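The block underneath contains the structure these notes are about, expressed in structure tokens.
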Amino acid sequence: MRLENIIQQAEGRKLEFKREVPKGLDICKTAIAFANDAGGTIFIGINDKPREVTGIDAEHLIPLEEQISNKIHDNCSPIILPEIVFLKHQNKHVLAVKIYKGSNPPYHLKGKGKDKGTYIRVGSSNRLANQDIIEELERLKSNISFDGLPVFLKEAKEVDIHSLKEQFEQTTGETLDEVTLAKLSLTNTEQGVKFPTHALVLLSDDPLKSQLFPYAKIECAKFKGTTPGNFIDQKSIQGPLSLQAEQAYQFVLRHISQAAEYQGVYRKDRWEYPVIAIREAIRNAVIHRDYSLRGQDIKIAIFDDKIEISSPGKLLPTVDFNDMEAGQSDIRNKVLAPVFKKLGIIEQWGNGLQLIANELKDYPEIELTWSEPGLNFRLSFIKSHQDKTNLSTYASSASEKTKGPRDNSVREPVVRYGDIPTTTIPFRNSTSNDYERLEETYERLRTIANDYGPLSREKRAILLYLLEHGKISRREATRLTGYKDTKTYETLTKLVEAKILKREGKGRSTYYTLAEQFLE
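Per this note's numbering, residue -1 is the first one in the sequence shown, and the count goes up by one each step.
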């Protein structure tokens, strides 16, 4: 990138501007913070506030280069080797001190030691790392993830994982036995005894989860207005990790609106926010959050003008949210992520950001921003002034504003009955009377499910199918909604928990029927 463009950017995680070489060890602290994180560049000869290129005298360039190299070399441990480049802007000389992401963290000041001299980059400042962060940096060096560490408070066989076992069997058709747990690194054998890893505890129903990870939850809130303050609704989601994302997603759906238009006798719905992008953001928050950070939870805040999703842990150094369509993939939780993929929560490595980028093309009225407040990563879906117009206008014009290819094989479907196989379409050859009956049925479904919340499109499709056919298997529901197995299982389970459906049979022979009160 040209210097003309760089000086227009704000100081941040990878960028710092200095009028002159900082006194004392400040430049070493910045070098350490960059090396412990994603790397970065210090530009000397550029004032930050106000931003202007002040320059360095030409005769001072080489002495300054040697001074900076020696100071960083002599005061940082392990050794950091900066790359120093001379640049010129409008006849003024600038020094660029490039620090690369280190492979041997934690980097620290020699004179202070690891515990008191390790620095990390938080926004545009350098902060002294606490013990949790130092331990995480040491694990990073050894390629060990926090979720793979063993827990010695209980043997694995004593940990309550009944929900995980049921979900695993329903989704994969396999039994989650001792061998499978070991293959998935959910258990760790020490001296002949199998102990659970942090990942297994997080996925469990066991009281040990609340004891060790009371912060492994999602706090959801709907606020009145555009700032935190007056709650309209709130919910704390604290169950097994594999179910949290769907529950949080359903909370969001309950508090955003849908507009509809009719194409012939068929209804087309459009949410006021890009719900697939929000679903992926919630999944990413659960899968990629830093569970080693104590006292912090995921937060989802819904305001009149935006939705914010905050997750503990900074953005992984190798992921660039400014290039969302590049198919980036990195894993913080190396044990949880493969389990989530097997459960279908992760559908394909590296496609989450692409799904978000693709759906945003259909929502020109929504701006996506990201930030790193403290040790958190936050995504904000913000309504622009355009959103004050009727949502149905967007529903009719969205396709005209879409740019680039869409991956319809993995995105959440809009349930259009013309897209469903003939044998599963209620009222396919509809008359006007049939259409009125269909609308009455929708209203009936909403009334019965009042305690559960607004019915999503896939739930309506499943219930309408059941009204006509009497029962449905997970395979039939998967074909009907167009979802992966895990998403379909979550949807069916929610309907069972709401006492709208009954689950009958076991294993691959499981099927679902309408609850008795639904047929009255």
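All C-beta atoms, glycine included, are put in the ideal place defined by N, C-alpha and C.
This one's a predicted model, so the numbers in the text were calculated from it and none came from an experiment.
Per-residue burial, residue i [other beta carbons within 10 Å of its own, 16 or more giving buried]
i, result
"S255", "exposed"
"P535", "A question about residue 535 goes unanswered here, because the residues of the chain that appear run from -1 up to 518."
"D529", "Only positions -1 to 518 of the chain appear in the structure, and residue 529 is not among them; the question remains open."
"V92", "buried"
"T491", "buried"
"K114", "exposed"
"I70", "buried"
"Q232", "exposed"
"L138", "buried"
"Q224", "One detail in the question is off: residue 224 reads as Thr in this sequence, not Gln. Classification for T224: exposed."
"N141", "exposed"
"T486", "buried"
"V51", "buried"
"D204", "buried"
"T484", "buried"
"D35", "buried"
"L151", "exposed"
"D72", "exposed"
"Q209", "exposed"
"N68", "exposed"
"N3", "exposed"
"V177", "exposed"
"G38", "buried"
Residue i, DSSP secondary structure in three states
i, result
"K497", "coil"
"E363", "coil"
"V333", "coil"
"P205", "helix"
"K86", "strand"
"L210", "helix"
"A127", "coil"
"S407", "Reliability fails at S407, whose pLDDT of 27 lies under 50, so the model's placement of it is uncertain and no value is given."
"G171", "coil"
"Y271", "coil"
"N34", "coil"
"L571", "There is no way to answer for residue 571, as the model of the chain reaches only from -1 to 518."
"R414", "For R414, the predicted structure reports a pLDDT of 28, less than 50, and the residue's modelled location is therefore unreliable. A value from the coordinates is still provided. R414 falls in the coil class under three-state DSSP."
"A299", "strand"
"E50", "strand"
"D231", "strand"
"E370", "coil"
"V92", "strand"
"E2", "helix"
"F375", "strand"
"E153", "coil"
"K304", "strand"
"E81", "strand"
"Q7", "coil"
"K525", "The question about residue 525 has no answer, for the chain in this structure spans -1 to 518."
"I42", "strand"
"K99", "coil"
"I380", "strand"
Cβ separation of residue i and residue j, assumed to be a contact under 8 Å, to the nearest whole Å
i, j, result
"T195", "G237", "Actually they do not touch by this definition, with Cβ atoms about 19 Å apart."
"L373", "G311", "7 Å"
"L200", "A279", "Actually they are not in contact, since the Cβ atoms of L200 and A279 sit about 20 Å apart, beyond 8 Å."
"A219", "I300", "7 Å"
"F15", "A94", "That pair is no contact at about 11 Å."
"I66", "P80", "7 Å"
"L533", "V273", "This structure does not reach residue 533, given that the chain is present from -1 up to 518, and the question cannot be answered."
"F338", "I285", "6 Å"
"I343", "R287", "In fact, because the Cβ distance is near 14 Å, the residues do not count as touching under 8 Å."
"L206", "A154", "The Cβ separation is near 11 Å, so there is no contact."
"H87", "L23", "So it is not a contact: roughly 28 Å between Cβ atoms."
Residues bridged to residue i (per DSSP)
i, result
"H106", "S75 and T116"
"Y509", "S471 and E502"
"C218", "K233 and I298"
"V191", "E188"
"A257", "R268"
"S309", "F375"
"P148", "T195"
Contact test: residue i Cβ vs the ligand ATP heavy atom, cutoff 7 Å
i, result
"E134", "Absent from the structure shown: the ligand ATP. Ligands present: none."
contact_flag[the region 213 to 231, the region 295 to 306] where n(CB pairs < 8 Å) is 3 or more = Segments in contact, yes.
Spell out a yes or no on whether the region 305 to 313 and the region 155 to 172 are touching, meaning 3 or more CB-CB pairs, one atom from each, closer than 8 Å.
-> No, they do not touch.
Does the region 133 to 142 touch the region 182 to 200, meaning 3 or more C-beta pairs lie closer than 8 Å?
-> No: the two stretches stay apart, fewer than three of their Cβ pairs being nearer than 8 Å.
Counting Cβ pairs, one atom from each stretch, are 3 or more of them under 8 Å apart for the region 107 to 127 and the region 19 to 33?
-> Because the criterion of three Cβ pairs below 8 Å is met, the region 107 to 127 and the region 19 to 33 touch.
Contact between the region 349 to 366 and the region 223 to 230 (3+ Cβ pairs under 8 Å) | For the pair of segments examined, the region 349 to 366 was found not to touch the region 223 to 230: the number of CB pairs separated by less than 8 Å stays below three.
Per the contact definition of three or more C-beta pairs closer than 8 Å, is the region 104 to 113 in contact with the region 5 to 22?
-> Verdict: no, contact absent.
Segment contact flag, the region 498 to 513 with the region 462 to 472, C-beta cutoff 8 Å, min 3 pairs | Yes, they touch.
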